[in-house]
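Step one of this worksheet: look at the structure below.
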Amino acid sequence: MQHVSVHEAKTHLSRLLKKVAAGEEIIITSSGKPVAALMAPPKPKKRISGDMKDKFVMPDDFDQPMPDEWFETDEYPQE
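Using our numbering, the letters of the sequence shown map in sequence onto residues 1 to 79.
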C-alpha cells in the first residue's frame with residue numbers, strides 16, 4: 001500500500017488512478033497523517049435472472065380503478 005501526500009496526489013492523480021485500476025490501494029496523507037484512501041470500487045454482483053421469482057405477486061386486478069369507498073374516509077382527504 002503506497003502513501004502519498006495531498007500535494008503529490010494532486011500532481012500525479014492520473015498516475016495514481018492507473019495504479020488503483022490495477023488493484024493497488026493508495027493512502028493520501030496530510031502532515032503525515034492518513035486522511036483519505038484511493039481504491040477501486042467494488043465489483044458489481046452478477047444479477048441472476050428470475051432470482052426474485054415468487055417473492056412478489058401482482059394481483060390480476062392491479063390495473064383496475066380503486067374502489068370509491070377507499071376515498072370515502074377522513075384518512076385520505078381529497079383536495
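Built from N, CA and C at the ideal position, the CB exists for glycine as well.
Cutoff 8 Å; reference residue i; Cβ partners in own chain excluding five residues on either side
| i | result |
| --- | --- |
| threonine 29 | His3, Val4, Ser5, Val6 and Val35 |
For residue i: DSSP bridge partner residues
| i | result |
| --- | --- |
| lysine 19 | DSSP lists no partner for lysine 19. |
| serine 30 | Lys33 |
Extent of the continuous beta strand (DSSP E) run through residue i
| i | result |
| --- | --- |
| alanine 37 | 33 to 38 |
| valine 4 | 2 to 5 |
Nearest-angstrom Cα separation, counted from residue j out to residue i
| i | j | result |
| --- | --- | --- |
| serine 14 | aspartate 60 | 55 Å |
| methionine 66 | methionine 58 | 15 Å |
| isoleucine 111 | aspartate 74 | Residue numbering for the chain in the displayed model covers 1 to 79; residue 111 lies beyond these limits and cannot be assessed. |
| glycine 23 | lysine 33 | 23 Å |
| lysine 53 | isoleucine 26 | 42 Å |
Minimum Cβ-Cβ distance from residue i to chain D less than 8 Å
| i | result |
| --- | --- |
| valine 57 | The chain labelled as chain D is not found in the depicted structure, where only one protein chain is given. |
Check: residue i C-beta below 7 Å from any heavy atom of the ligand HEM
| i | result |
| --- | --- |
| threonine 11 | With respect to small molecules bound, the structure shown includes none, and the ligand HEM cannot be examined in it. |
Sequence-distant residues of its chain with Cβ nearer than 7 Å to residue i (five each side left out)
| i | result |
| --- | --- |
| lysine 43 | none |
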